[in-house]
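Just below is one structure, and these are the notes that go with it.
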Amino acid sequence: MRRAVAAAAVLLLAASACSRGEAPRLTVFAAASLSRALRDDARTRYSFAGSQQLAAQVQAGAPADVIITADTTTMAALGPLVDRPVAVAENSLAIAVRPGNPKVVRGLADLAQAGLTLVLADPTVPAGRYAKQALDRAGVVVHPASLELDVESAVQKVALGQADAAVVYATDIVPGDPSLQGVAIPAAQNVAVLYQAATVRTTKHPKQAAAFLASLPARLRAVGFTAP
Amino acid sequence: MRRLAVGVPAAAAAALVTVPLVGLLARAPWRALPDIVTRPAVLEALWLSLGCSLAALVVCLALGVPLAWVLARSRLPGLAVVRAVVLLPMVLPPVVGGVALLFAFGRGGVVPLPFTLPFTTAGAVTAEAFVALPFLVLAVEAGLRQLDRRYEDAAAALGAGPWARFRHVTLPLLGPSLAAGAAVCWARALGEFGATITFAGSLPGRTRTLPLAVYTTLQTDRDGAIALSLVLLALSVVVMAGLRGRWTR
């Protein structure tokens, strides 16, 4: 009995410590492609996944304060669940290849070559839809080995050496990364990727969420994203 | 008071499992169900799942029964370690299994293979077998240990060779354990997600099995995802019904 009381006291203390802090910690659902750009800190913790997956979670009542999607379609589908979305960054597509580019990929057309293992993000997530648009624009028909659940899984398949190439976001390719290398996609075939962020209506911290939204464009610009 | 102390958590435990399943049934688009489950994409995932899980079961039977035999009968040193390692996938997060499979059998892996496993149906089968094997080994080994060896000794005394003893004495006695092990093994293979997505990727018709299809579909088509989940639930119920008297009373 005494032990139970002690345990309850500890729980209470922990709970009050959470609620007492001056600045509440925001929960931000962010598109998988932002996972290297945004890091957990004292005021924010992130949950990264495919934009569609995050939107489905918000629809199911997940306790997010802010959601950032890698497109406008997914955000629009959230409708009244979020406040008016704001554009926070732009991005474009690039091809991720193995270090040294052993398959000599120079553009989207080379992704159709036989013997090249290509992975894409599934068309249900923004990165997969963008990749499909770019490939269509270039008139290239590919046979991907896998349609990954989010763009980061596609990046990892190349970084782990299991795939030769993946169509990813330009920001997924970090200069000097020993595990993968980027090949640019010309503007005529590329697509404009727009990230939108919005406060989730059910948030208990609207002020902090608004401040976070306001700080986002500058933070993302600092890590290689284009200003909207 | 004491009755409450047991009854309340017991009811909570039953509710923990029952309520989500009831929720799934309550949200099910019953009227559209026949239409959804006969969509080509769904049937493709269904046949792929059945094919992969049955192939994984065959692999597990072919390799797992001999292993269970060795574990139950042999006195080789170090078998306890082998058993612990073989049973590890039961508690290991499947995604860790997938990563391990990549480093073993993937491109540039520790084991150079003359063929490709990642992103192939064979890779999906490998991932499923990796995760499901311990369930079969555990059941068959337990069956072998419970088996009264005097029957085999009697058969040997009557002149039956090792194969005849196994075929006509051991196997029939082992039947129930083997069937139960095979059922759980198959069900586990059918539900495999983490190791498959990590090792074999997700391509419709090749490696996107039902659980992967549920996950992908959930993002765009909730009714479709629920319908697919119901198919998996129905198959699981069939397995549990088949295990009646073994794990259920």
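Respectively, the protein sequence lines represent chains A and B.
According to my numbering, the first sequence is numbered sequentially starting from 140.
According to my numbering, the second sequence is numbered sequentially starting from 1073.
All C-beta atoms in this analysis are idealised placements derived from N, C-alpha and C, irrespective of residue type, glycine included.
Values in this document were obtained by computation on a predicted structure and should not be read as measured data.
Query raised in the report: In whole angstroms, what is the alpha-carbon distance linking R358 of chain A and S292 of chain A?
Result: Position 219 of the first sequence, counted from the start, is the residue given in the question as residue 358 of chain A. Position 153 of the first sequence, counted from the start, is the residue given in the question as residue 292 of chain A. Their backbone Cα atoms lie some 24 angstroms apart in a straight line.
Query raised in the report: Taking 8 angstroms as the CB-CB cut-off, is F1177 of chain B touching chain A?
Result: Position 105 of the second sequence, counted from the first residue, corresponds to residue 1177 of chain B. F1177 of chain B has a beta carbon lying at 8 angstroms or more from every beta carbon in chain A.
Query raised in the report: Where L1296 of chain B and R1217 of chain B are concerned, what is the direct C-alpha to C-alpha distance, given to the nearest angstrom?
Result: As a first step, residue 1296 of chain B is located in the second sequence; it is residue number 224 there, counting from the start. As a first step, residue 1217 of chain B is located in the second sequence; it is residue number 145 there, counting from the start. In the sequence under discussion, the amino acid at residue 1296 of chain B is Gly, which differs from the Leu named in the question. Rounded to whole angstroms, G1296 of chain B and R1217 of chain B show a C-alpha spacing of 45 angstroms.
Query - Chain-order list of residues whose beta-carbon lies under 6 angstroms from that of L1219 of chain B (same chain, five-residue window excluded) - result: Position 147 of the second sequence, counted from the start, is the residue given in the question as residue 1219 of chain B. Contacts found: L1245.
Requested in this report: For E291 of chain A, go through chain B and note every residue whose CB falls closer than 7 angstroms to its CB, in chain order.
Outcome: The sequence position of residue 291 of chain A within the first sequence is 152, counting from 1. None at all; the shortest Cβ gap to chain B is about 13 angstroms.
Query raised in the report: Listed in chain order, which residues of the stretch 255-266 of chain A have Cβ atoms closer than 8 angstroms to some Cβ of chain B?
Result: So the close ones are T256, V258, D261, T263, V264.
Report task. Determine the burial state of W1258 of chain B: buried for a count of at least 16 other Cβ atoms within 10 Å of its Cβ, exposed for fewer. Result -> Position 186 of the second sequence holds residue 1258 of chain B. Around the beta-carbon of W1258 of chain B, 16 or more other beta-carbon atoms lie within 10 Å, marking it buried.
**Report entry** CB of L119 of chain A within 8 angstroms of CB of A260 of chain A, strictly
**Finding:** Nothing in the structure corresponds to residue 119 of chain A, since chain A is present only between 140 and 367.
Query - Cβ-based burial, T1281 of chain B [other Cβ within 10 Å; buried from 16] - result: Looking up residue 1281 of chain B in the second sequence gives position 209. Buried, since its Cβ has 16 or more Cβ neighbours within 10 Å.
Query raised in the report: Is the stretch 321-330 of chain A touching the stretch 188-200 of chain A, taking contact as three or more C-beta pairs under 8 angstroms?
Result: no
Query raised in the report: What residue does the beta strand (DSSP E) around S186 of chain A start on, and which one ends it?
Result: For the purposes of this step, residue 186 of chain A is taken as residue 47 along the first sequence, with counting starting at 1. From DSSP, the beta strand (DSSP E) with S186 of chain A extends over 183-188.
**Report entry** Same chain, Cβ closer than 8 angstroms to F364 of chain A, five either side skipped, listed in chain order
**Finding:** Walking along the first sequence from the start, residue 364 of chain A turns up at place 225. Here the set comprises A176, A228, E229, N230, T310, Y334.
Query raised in the report: Relative to the alpha-carbon of K296 of chain A, which residue among A:R182, A:P345, A:L319, A:G278 has its alpha-carbon at the smallest distance?
Result: Along the first sequence, read from residue 1 onward, the residue named residue 296 of chain A stands at position 157. Minimum Cα distance to K296 of chain A is reached at A:L319.
Query raised in the report: Where does A357 of chain A fall in DSSP's three states?
Result: Numbered from its first residue, the first sequence carries residue 357 of chain A at position 218. In this structure, A357 of chain A counts as helix in the three-state DSSP scheme.
Query - Alpha-carbon to alpha-carbon, L1135 of chain B and V1335 of chain B - result: Because chain B is modelled from 1073 through 1321, residue 1335 of chain B falls outside the range shown and cannot be assessed.
Query raised in the report: What number of angstroms, rounded off, separates the C-alpha of T213 of chain A from the C-alpha of T338 of chain A?
Result: Your numbering for residue 213 of chain A matches position 74 in the first sequence. Your numbering for residue 338 of chain A matches position 199 in the first sequence. Cα-Cα distance, rounded: 14 angstroms.
Query raised in the report: Between A444 of chain A and chain B, is there a C-beta pair that is closer than 8 angstroms?
Result: Look at the range of chain A in this structure, 140 to 367, and you will see that residue 444 of chain A is not part of it.
Query - Neighbourhood of S1249 of chain B by C-beta distance below 8 angstroms, restricted to the same chain and skipping five residues each side - result: Counting from one through the second sequence, the residue named residue 1249 of chain B turns up at place 177. Result list for S1249 of chain B: A1211, V1212, A1214, G1215, L1216, Q1218, in chain order.
**Report entry** Presumed contact (8 angstroms Cβ cut-off) between A273 of chain A and L220 of chain A, rounded CB distance
**Finding:** As a position in the first sequence, residue 273 of chain A is number 134, starting the count at 1. As a position in the first sequence, residue 220 of chain A is number 81, starting the count at 1. Incorrect: roughly 30 angstroms between the Cβ atoms, too far for contact.
Query raised in the report: Under three-state DSSP, which class holds Q196 of chain A?
Result: Position 57 of the first sequence holds residue 196 of chain A. DSSP places Q196 of chain A in helix when its eight states are reduced to three.
Query raised in the report: Under the rule that 16 or more other beta-carbon atoms within 10 Å means buried, what is L352 of chain A, buried or exposed?
Result: In the first sequence, the residue the question calls residue 352 of chain A occupies position 213. Buried is the call here.
Query raised in the report: Since A195 of chain A meets chain B, which of its residues come closer than 7 angstroms, beta carbon to beta carbon?
Result: Start at 1 with the first residue of the first sequence, and residue 195 of chain A comes out as number 56. Chain B residues near A195 of chain A: L1290, Q1291.
Query raised in the report: Straight-line CA distance for A305 of chain A to V294 of chain A?
Result: By one-based count along the first sequence, residue 305 of chain A stands at place 166. By one-based count along the first sequence, residue 294 of chain A stands at place 155. In a straight line, the C-alpha of A305 of chain A is about 7 angstroms away from that of V294 of chain A.
Query raised in the report: Going straight from the alpha carbon of H282 of chain A to that of G1169 of chain B, what length do you get?
Result: Along the first sequence, one-based indexing puts residue 282 of chain A at 143. Along the second sequence, one-based indexing puts residue 1169 of chain B at 97. The alpha-carbon atoms of H282 of chain A and G1169 of chain B are separated by roughly 27 angstroms.
Report task. Determine the burial state of R178 of chain A: buried for a count of at least 16 other Cβ atoms within 10 Å of its Cβ, exposed for fewer. Result -> Within the first sequence, numbered from 1, the residue matching residue 178 of chain A stands at position 39. It is exposed - the Cβ of R178 of chain A has fewer than 16 other Cβ atoms within 10 Å.
Query raised in the report: Mind checking whether L1189 of chain B and F1177 of chain B have CB atoms under 8 angstroms apart?
Result: Residue numbering aside, residue 1189 of chain B sits at position 117 when the second sequence is read from its first letter. Residue numbering aside, residue 1177 of chain B sits at position 105 when the second sequence is read from its first letter. Yes. Within cutoff.
Query raised in the report: Does the beta carbon of L319 of chain A sit closer than 8 angstroms to a beta carbon anywhere in chain B?
Result: Walking along the first sequence from the start, residue 319 of chain A turns up at place 180. L319 of chain A does not count as touching chain B.
Query raised in the report: Given that a residue counts as buried once 16 or more other Cβ atoms are within 10 Å of its Cβ, and exposed if not, what is A1051 of chain B?
Result: Because chain B in this structure spans residues 1073 to 1321, residue 1051 of chain B falls outside the shown range and cannot be described.
Requested in this report: Could you check if P1081 of chain B is buried or exposed, using at least 16 other CB atoms within 10 Å of its CB as the buried criterion?
Outcome: The count along the second sequence starts at 1 and reaches residue 1081 of chain B at position 9. Its Cβ having fewer than 16 others within 10 Å, P1081 of chain B is exposed.
**Report entry** Burial state of S1146 of chain B, where buried means 16 or more other Cβ atoms lie within 10 Å
**Finding:** Counting from one through the second sequence, the residue named residue 1146 of chain B turns up at place 74. Classification for S1146 of chain B: exposed.
**Report entry** Q272 of chain A - DSSP class collapsed to helix/strand/coil
**Finding:** Within the first sequence, residue 272 of chain A is the residue found at index 133, counting from 1. DSSP places Q272 of chain A within a helical segment (H, G or I) once states are collapsed to three.
Query raised in the report: Of the residues A:A298, A:A162, A:V322, A:A302, which one's Cα is nearest the Cα of D316 of chain A?
Result: Numbered from its first residue, the first sequence carries residue 316 of chain A at position 177. Minimum Cα distance to D316 of chain A is reached at A:A298.
**Report entry** Straight-line gap, V280 of chain A to P262 of chain A (C-alpha atoms, nearest Å)
**Finding:** Looking up residue 280 of chain A in the first sequence gives position 141. Looking up residue 262 of chain A in the first sequence gives position 123. Those two C-alpha atoms are separated by around 15 angstroms.
Query raised in the report: Are the C-beta atoms of L220 of chain A and some chain B residue less than 8 angstroms apart?
Result: Against the first sequence, residue 220 of chain A aligns to sequence position 81. No, its Cβ sits nowhere closer than 8 angstroms to a Cβ of chain B.
Query raised in the report: For chain E, is any of its Cβ atoms less than 8 angstroms away from the one on S1274 of chain B?
Result: Annotation note: the requested chain E is absent from the structure, which comprises protein chains A and B.
Query raised in the report: Using Cβ-Cβ distances below 7 angstroms, what residues of the stretch 1167-1193 of chain B are close to chain A?
Result: Listed by position along the chain: L1174, G1178, R1179, G1180, P1190, F1191.
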